Ligand code: C2E
Ligand code: MG
Ligand code: MG
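In our numbering, the protein residues as written are 13 to 735.
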């Protein structure tokens with residue numbers, strides 16, 4: 013490389029008279045340099061701070077020290093470190109020694125008087141030296157830049173090669189003829205192809221055939237227009253399995269001509285699996301694999317929009333499996349799950365393939381049938397046909413855990429657009445109808461009717477009024493006498509709630525207790541009853557009634573019994589009222605006892621520890637397991653009224669009554685027959701050694717005052733029939 017000559021700057025510092033300076037200038041001028049002349053060291057210093065000089069000519073007469081300062085400055089300044097300095101001096105000048113002492117070898121001396129030739133020659137040589145030094149420095153700089161550049165390229169290559177060889181993304185490079193020329197190890201890992209198997213081949217060997225021609229056309233178009241394409245694509249591994257990948261294609265161009273294509277891709281099957289799983293869990297019921305509530309609602313909403321456009325009808329069936337909770341509790345959750353599965357399977361068989369069947373929640377299912385072009389009567393007819401089909405399938409027993417088993421259900425129906433046009437309302441109405449069907453027995457179905465809404469409304473009114481009644485102490489306990497069958501003496505009574513609301517009138521506990529149980533209000537109601545009964549027991553203890561009677565029974569709902577605070581509440585009330593706990597009898601129905609065995613057992617024992625007695629109410633109508641019963645500390649079994657009703661005519665009822673009495677004897681428990689209405693029933697009970705009875709034959713539930721009068725009345729009170 014040819015070195016370019018550089019322009020040189022020369023500074024003459026001359027404080028002599030003009031002659032001397034022009035002499036210097038005349039010597040230098042032929043060198044065709046840029047010459048600056050100044051007269052004082054201060055000016056020189058000023059200039060040097062802003063300019064770069066190659067040669068400095070100092071001709072100073074004044075004995076100032078500043079030529080030394082000047083040279084020192086020039087040597088310290090990076091740009092002038094290479095500056096050559098010629099000092100015109102005479103032998104006796106003491107400063108020359110001083111400068112030499114600094115050991116600066118770019119300073120040269122020329123003696124007075126100035127020899128023109130010598131000065132020219134020296135100046136020429138020195139300027140050449142600076143020029144060469146400058147050129148060398150420049151070359152050096154260029155070399156350093158080149159080295160830095162190469163280092164950077166080497167480093168980038170190292171990174172690129174690491175990314176290529178060790179990165180998780182698969183890379184495939186083709187030439188402009190779209191023949192594979194390189195692949196990386198990740199490519200082999202993902203696709204299963206070794207490099208030598210694919211070199212020279214078209215990447216089409218990887219395609220799965222899952223994308224159509226239009227997909228590839230669009231991809232190539234994007235590559236041509238933007239030099240780049242990114243997207244999801246399904247490819248095929250060497251083993252034939254297809255898998256999703258996220259791929260980026262880049263066209264590498266030079267002078268607007270593509271010479272390579274680079275495909276970078278990652279296997280997203282795991283991400284996809286996760287997405288699919290989350291999507292599945294969001295929209296499907298894991299057990300039955302049916303759509304869940306969320307997906308059902310989405311699909312029915314879409315269907316409703318379609319029906320509205322085409323003026324067609326739809327049917328919503330809302331189904332509930334009867335007694336699933338009971339089966340879960342008594343047979344275990346595995347049994348319950350099998351039952352749900354059988355139920356789901358039967359439903360799917362029963363309905364059209366395009367119907368939407370879902371497990372709505374727990375033991376509730378929903379079916380949506382749409383696209384029906386018919387008037388209301390016809391839609392009702394179609395609904396009934398569907399229900400009959402369902403009924404026929406459910407009439408066949410299923411086998412669960414080796415047991416033959418009949419699944420029963422209740423169905424509510426709401427029709428679009430006749431009952432309502434919104435899904436929320438249709439669901440509400442089908443649910444209301446289903447609950448109505450439930451009250452009508454097993455395997456019933458009911459179409460929604462406005463009157464049902466009224467009944468739901470009434471329930472709400474009762475609930476609200478009951479809440480107020482508790483607060484305002486408007487409830488009252490009546491007492492139904494219980495009598496020994498042998499001597500007809502009153503042995504106790506059952507406390508029964510009575511409530512007359514100022515607006516709703518008299519409401520039977522048979523009506524409001526289930527409502528209270530449904531809304532949890534039963535806990536407050538139950539506490540009120542226990543408090544009131546214990547206060548009355550205390551009063552009657554003080555009046556000495558317990559000399560002739562044994563107990564007052566109080567009904568405790570299963571929800572109240574299962575409540576965490578039941579035992580502590582009972583204990584607090586016993587303490588507060590300070591009654592003899594054996595005067596209090598806790599009546600529990602069989603449903604209270606089918607919960608978790610050990611919890612029930614320990615709760616019953618706690619009641620016994622507190623000193624109270626325990627009766628099982630409505631015995632024979634529930635699901636008592638005799639296996640469990642023998643472990644329960646029960647004092648009394650109360651035979652349900654339904655068996656007493658039929659005792660004269662029905663052999664089976666008589667057999668059941670007899671069995672219950674025998675069972676009680678084995679359990680060391682007493683028997684009370686409920687709902688005895690006539691002498692014949694009483695006579696029969698007497699015959700089978702029933703211990704006690706209660707019923708309209710002797711007395712309905714009467715006020716506390718009436719009951720207290722009855723106890724005080726002289727012996728020999730005859731049973732009477734109030735009707
Ligand atoms: P239950 O505990 O089986 O009470 C017996 C029911 O049969 C009472 O109805 C009683 O009046 C009625 N009864 C008694 N003898 C005869 C009879 O000879 N013929 C007829 N037809 N009926 C008779 P009531 O008072 O209407 O109570 C109904 C149900 O409400 C009770 O059935 C009980 O389950 C519940 N209940 C009543 N009071 C309470 C209470 O304080 N707490 C709770 N949790 N439930 C209560
Ligand atoms: Mg009772
Ligand atoms: Mg009863």
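Backbone N, C-alpha and C define an ideal beta-carbon position, used for all residues, glycine too.
Being a predicted model, the structure only gives us computed values, none of them experimental.
In the three-state reduction of the DSSP assignment, residue 253 falls in the coil class, being assigned neither a helical nor a strand state. With respect to the 9 Å criterion, residue 315 and residue 368 are classified as neighbours on the basis of their beta carbons. Non-local C-beta neighbours of residue 536 in its own chain, meaning closer than 6 Å and more than five positions away in sequence, comprise 482, ordered along the chain. A residue is called buried when at least 16 other Cβ atoms come within 10 angstroms of its Cβ; residue 674 does not meet this threshold and is exposed. The three-state secondary structure of residue 441, taken from DSSP, is helix. These are the residues, in chain order, with a beta carbon less than 5 Å from any non-hydrogen atom of ligand 3: 629, 630 and 686. Within the same chain, and ignoring the five residues on either side of residue 213 in sequence, the residues whose Cβ sits closer than 8 Å to its Cβ are 191 and 192. Counting the other Cβ atoms within 10 Å of the Cβ of residue 415 gives fewer than 16, which makes it exposed.
Taking the C-beta atoms as reference points, residue 684 is found nearer than 9 Å to residue 648.
Following the DSSP letters along the chain, one finds residue 310 in no beta strand (DSSP E) but inside the alpha helix (DSSP H) bounded by residues 305 to 322.
Within the region 426 to 499, complete beta strand (DSSP E) segments of at least 3 residues are found at 457 to 459 and 487 to 496, given in chain order. Counting along the chain, the unbroken alpha helix (DSSP H) around residue 389 starts and ends at 388 to 406. With contacts defined as CB atoms closer than 9 Å, residue 650 and residue 627 qualify as a contacting pair. Bridge partners of residue 597 according to DSSP: 565 and 625. Pairing residue 678 with residue 671, the inter-Cα distance amounts to about 11 Å. Taking residue 601 as reference, the option from 612, 592 and 533 with the minimal CA-CA separation is 612. When the beta-carbon positions are compared, residue 719 and residue 688 stay at least 9 Å from each other.
Collapsing the DSSP output to three states places residue 718 in a helix. Residue 330 has its alpha-carbon roughly 26 Å from the corresponding atom of residue 525. The closest heavy atom of ligand 1 lies 8 Å or more from the beta carbon of residue 574. Remark: fewer than three beta-carbon pairs, one from each stretch, lie closer than 8 Å, so the region 346 to 354 and the region 458 to 470 are not flagged as touching. Taking a C-beta distance under 9 Å as the contact criterion, residue 504 and residue 591 do not qualify as a contact pair. Spatial neighbours of residue 421 in its own chain (CB-CB distance under 7 Å, excluding positions within 5 residues in sequence) are listed in chain order as 331, 332, 333, 334, 406 and 455. In the three-state reduction of the DSSP assignment, residue 633 falls in the coil class, being assigned neither a helical nor a strand state. Taking a contact as a CB-CB distance under 8 Å, the pair residue 410 and residue 419 counts as one, their CB atoms being some 6 Å apart.
The C-beta distance from residue 215 to residue 235 rounds to 13 Å, too long to meet the 8 Å contact threshold. For residue 520, the three-state secondary structure derived from DSSP is coil. Between the beta-carbon of residue 516 and that of residue 475 there is about 11 Å, and that puts the pair past the 8 Å contact cut.
Here DSSP, grouped into helix, strand and coil, assigns residue 364 to coil.
The alpha-carbon separation between residue 155 and residue 165 amounts to approximately 15 Å. In the three-state scheme derived from DSSP, where H, G and I count as helix and E and B as strand, residue 160 is classed as helix. With a contact defined as Cβ atoms closer than 8 Å, residue 506 and residue 706 qualify at about 6 Å. Bounds of the beta strand (DSSP E) holding residue 48 are 46 to 50. The beta carbon of residue 383 is closer than 7 Å to those of 324 in its chain, skipping five residues each way along the sequence. Rounded to the nearest angstrom, the Cβ distance from residue 624 to residue 597 is 7 Å, consistent with a contact under 8 Å. Taking a cut-off of 8 Å on C-beta distances, the region 225 to 241 touches the region 254 to 265, as three or more cross pairs fall below it.
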